[in-house]
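Count the sequence shown with this note's numbering and you get residues 2 to 52, in order.
Glycine included, C-beta positions come from ideal geometry on N, C-alpha and C.
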Amino acid sequence: MEKLELLSRIEKLSLLLHSDDLAKYNLANESIIEIKRVLDELSETYITTYC
């Protein structure tokens with residue numbers, strides 16, 4: 002995955018998780034946990050690859 006694509010995915014997931022709109026999507030708690038897991042995974046990939 003290219004650096005800019007990886008950063009874009011991280012940004013989108015982060016914005017979703019930290020937005021006030023999260024409640025309006027009526028996501029199940031399991032879905033929110035999965036989004037956080039993916040965000041952590043992408044962040045770790047970025048750190049190990051580019052830092």
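Task: Buried/exposed call for residue 18, threshold 16 Cβ in 10 Å - done: exposed
Open item on the list: Tell me the DSSP secondary structure of residue 24 in three-state form.
Closed with: helix
- [ ] Check residue 3 in the structure and name its three-state DSSP category.
- [x] coil
Task: Buried or exposed (CB count within 10 angstroms, at least 16 for buried), residue 43 - done: buried
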